[in-house]
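Residue numbers 187 to 282, in the working numbering, belong to the letters of the sequence shown in order.
A virtual CB, placed ideally from N, CA and C, is assigned to each residue, including glycine.
These notes are about the structure you will find just below.
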Amino acid sequence: MTGLPDLNYPAFNAAEEALTAAGHAVLNPARNGTIVGSNAWQQYMRLSIAQVLQAEAVALLPGWVNSRGATLERRIATALGLLVGAVADFLGGEPS
């Protein structure tokens, strides 16, 4: 999200809409509110990691490999044995 136009919220919200329409319950980190200050990234990550801990799967947006936060979330999800895949993978069912 950091460094992207509108913090990439449009992509997060579009993914949420598509995944919800496909029958998935979605925890969207773009809905975690606005945090300001020198430690905003750390605070956002605390919130998003808490969401990963509640999830059964993690759907990644295109370009996630360039995101420090998304790579951390993916690493945690994988270590916990959660399903992890691209958003598109979840739209056709569960990723393999």
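Any idea if residue i is buried or exposed, counting beta-carbon neighbours within 10 angstroms, 16 or more meaning buried?
i	result
R261	exposed
V251	exposed
A236	exposed
L246	buried
E242	exposed
Suppose you measure from the CA of residue i to the CA of residue j; what does that come to, to the nearest Å?
i	j	result
D192	T220	12 Å
L258	A204	24 Å
M231	F276	23 Å
L239	V212	13 Å
Is the Cβ-Cβ distance between residue i and residue j less than 8 Å?
i	j	result
S234	P215	yes
Next item on the list: Flag this pair as touching only if the region 220-237 and the region 197-206 have three or more C-beta atom pairs under 8 Å; answer yes or no.
Entry: no
Margin query: Ignoring anything shorter than 3 residues, give me the beta strand (DSSP E) runs that lie fully in the region 218-278, in order along the chain.
Written below: 243-246 and 269-272
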